[in-house]
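Chains as they are written, first to last, in my numbering: chain A, 8 to 265; chain B, 8 to 265. Beta carbons: idealized from backbone N, C-alpha and C, even for Gly.
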DNA sequence: CAGTGGTCTAGACCACCAA
DNA sequence: TGGTGGTCTAGACCACTGC
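This is the structure:
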């Protein structure tokens with residue numbers, strides 16, 4: 008603490024983004040740190056703009072611009088008159104935000120989720136070279152591997168494999184996954200403090216192997232949409248690899264180009 | 008013109024967005040009108056923020072917020088020290104912005120475009136009921152129908168059908184499409200003043216018909232990625248229906264989830 | 001009513017670009 | 001050097017929420 012005119016920002020914090028970034032980006036980075044450290048948890052309100060402005064010794068406008076960006080990236084939700092809240096996968100209106108498969112005929116009850124979910128495999132294994140590369144792991148690290156089938160209206164529709172770094176998901180169990188209702192990403196948030204923020208997907212049309220066809224109860228030769236996903240948490244840290252096979256007879260993958 | 012304190016906004020303009028929208032949204036709407044009317048064309052600079060502030064009788068900050076949104080929607084490009092420019096599909100770095108198919112192995116020369124393009128059908132027909140619904144046409148209106156094949160590295164990879172409202176594309180010819188280099192959407196801009204701004208896509212895995220397989224020189228039973236697109240110009244006006252069949256043996260459709 | 005985010009203004013200074 | 005967009009500030013007022 009120097010004596011004259013407080014230094015703006017500073018938070019007795021070693022890692023503070025690029026040294027000479029604009030003030031509002033430094034503020035944004037500090038807020039993200041608070042998210043990652045769990046100081047403000049998903050679903051909870053963050054301090055008001057005025058409070059943050061005082062804390063960081065900047066004007067309200069600068070805090071506002073930082074929060075503007077966080078809101079644009081869906082990391083935060085603003086509600087006029089109430090406050091600003093850390094975004095969560097548990098909130099009703101953003102559930103299945105990352106599941107882009109939609110029924111061709113819109114469901115009666117409005118939004119939909121999988122009607123059935125069955126874990127058909129759960130194990131902890133050593134990382135493969137490919138996984139290590141994608142998840143930034145060392146070859147000695149281990150991962151959880153989950154395989155599950157999602158069904159809509161009684162019909163198996165998605166066969167999904169996913170891999171998670173064991174270090175970040177200590178204690179994950181098949182029991183836990185089976186018991187839980189609601190999106191898997193909501194479970195990750197509440198039980199492991201891991202919030203998925205962004206993902207990249209690669210899509211292809213493929214034919215199922217015999218095993219895959221049996222699992223999905225489909226004839227061989229049925230074309231399936233293969234979706235490879237790499238999901239990231241705060242600060243662009245990769246935290247999940249997922250590969251899905253989607254049956255697109257009565258569903259489609261929707262996308263917006265901007 | 009009243010005498011006291013100029014009224015802010017107003018542009019002797021009947022259609023001006025929602026009546027009681029915030030000022031900056033009204034400004035944004037006025038700017039969009041200028042785009043649509045062709046007052047400021049793709050690639051050209053728009054007036055400086057100060058000029059616009061004076062013209063619309065608002066502060067620079069309000070104009071700035073309007074332009075912020077336009078920039079976020081990729082309708083405008085800002086360049087510090089130079090000005091703000093109407094976005095264009097002709098610009099080198101945004102070419103093929105709407106083509107999400109990428110080679111599995113990154114190309115040597117960096118960015119890629121189709122190596123070959125062949126128009127295999129071009130005709131003017133009456134609108135179908137489905138097309139009329141999607142393009143907001145009357146059943147008496149007619150459309151252009153184009154079918155083409157795109158190839159990469161000598162291999163046919165995309166079979167694409169597209170439909171355009173004939174009214175908006177008066178004079179479009181197969182000749183024109185064959186002669187032109189560069190993205191089709193750039194041609195639409197320069198020749199017809201139609202700028203595509205946004206699109207919705209629906210993806211499915213399908214098997215080709217016999218005719219489609221022959222056209223793409225593929226064996227029957229090859230799974231293909233079917234991409235249905237509805238593309239919009241300014242003010243959310245639908246202007247193109249497109250259906251593509253993508254061969255995803257050596258390419259993938261990339262997507263970002265936020 | 002007090003507290004929150006949302007809008008709007010006016011003005012200062014900076015970083016970048018072209019002539 | 002002058003003009004452009006980019007950042008930052010300070011302050012006013014509005015709209016919405018909950019007590």
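Going by DSSP, residue 220(A) is part of the alpha helix (DSSP H) stretching over 217-222. Across the set 174(B), 264(B), 41(B) and 112(B), the C-alpha of 112(B) shows the shortest separation from the C-alpha of residue 159(B). If you draw a 10 Å sphere on the C-beta of residue 164(A), you find 16 or more other C-beta atoms in it, and that means buried. The alpha-carbon separation between residue 203(B) and residue 157(B) amounts to approximately 20 Å. Note: residue 91(A) is bridge-paired with 53(A) and 85(A) in the DSSP secondary-structure output. Each of 62(A), 94(A) and 121(A) was checked against the Cα of residue 200(A), and the nearest Cα belongs to 94(A). For residue 211(B), the nearest beta carbon of chain A is closer than 8 Å to its own beta carbon. Taking C-beta atoms as the reference points, residue 144(A) and residue 132(A) fail to come closer than 8 Å. In this structure residue 262(B) is buried. Its beta-carbon is surrounded by 16 or more other beta-carbon atoms within 10 angstroms. The continuous stretches of beta strand (DSSP E) do not include residue 265(A), and DSSP gives it neither H nor E. In the DSSP assignment, residue 246(B) falls within the unbroken beta strand (DSSP E) covering 244-253. With a cut-off of 8 Å on Cβ pairs, the stretch 184-196 of chain A is not in contact with the stretch 65-77 of chain A, counting fewer than three such pairs.
In the DSSP annotation of this structure, residue 111(B) is not part of any alpha helix (DSSP H), being labelled neither H nor E. In the three-state DSSP reduction, residue 103(B) falls in the coil class, being neither helix nor strand.
The C-beta distance from residue 38(B) to residue 73(B) rounds to 6 Å, short enough to fall under 8 Å. For residue 206(A), at least one C-beta of chain B is nearer than 8 Å to its own C-beta. Neighbours of residue 259(B) in chain A, taken as residues whose beta carbon is under 7 Å from its own, are 209, 210 and 211 in chain order.
The Cβ neighbour count for residue 128(B), taken over all protein chains shown within 10 Å, is under 16; the residue is labelled exposed. For residue 153(B), the closest of 162(B), 124(B) and 161(B) by C-alpha to C-alpha distance is 124(B). The three-state secondary structure of residue 164(B), taken from DSSP, is strand. At least one CB atom of chain B sits nearer than 8 Å to the CB of residue 255(A).
Distance check between residue 99(A) and each of 175(A), 264(A) and 50(A) places 50(A) closest, using alpha-carbon atoms only. Listed by position along chain A, the residues whose Cβ is nearer than 7 Å to that of residue 231(B) are 212. According to the DSSP secondary-structure assignment, residue 68(B) is paired through a beta bridge with no residue. Residue 88(A) is classed as exposed because its beta carbon has fewer than 16 other beta carbons within 10 Å across all chains shown. If you compare the alpha carbons of 213(A), 205(A), 176(A) and 186(A) with that of residue 198(A), the shortest gap goes to 176(A).
Taking a beta-carbon distance threshold of 8 Å, residue 196(A) does not count as an interface residue toward chain B. For residue 254(A), the closest of 126(A), 44(A), 170(A) and 162(A) by C-alpha to C-alpha distance is 162(A). Look at residue 36(B) here: in three-state DSSP terms it is helix. Between residue 230(B) and residue 210(B), the C-beta spacing is not below 8 Å. Contacts with chain A at 8 Å (Cβ-Cβ) do not include residue 129(B).
For residue 130(A), the enclosing beta strand (DSSP E) begins and ends at 123-133.
Closest by C-alpha distance to residue 250(A), out of 172(A), 62(A) and 168(A), is 168(A). Under the DSSP definition of a beta bridge, residue 172(B) partners with 150(B). Between residue 265(B) and residue 81(A), the C-beta spacing is below 8 Å. Counting only runs of 3 or more residues that sit fully inside the stretch 178-228 of chain A, the beta strand (DSSP E) segments are 205-213, in chain order.
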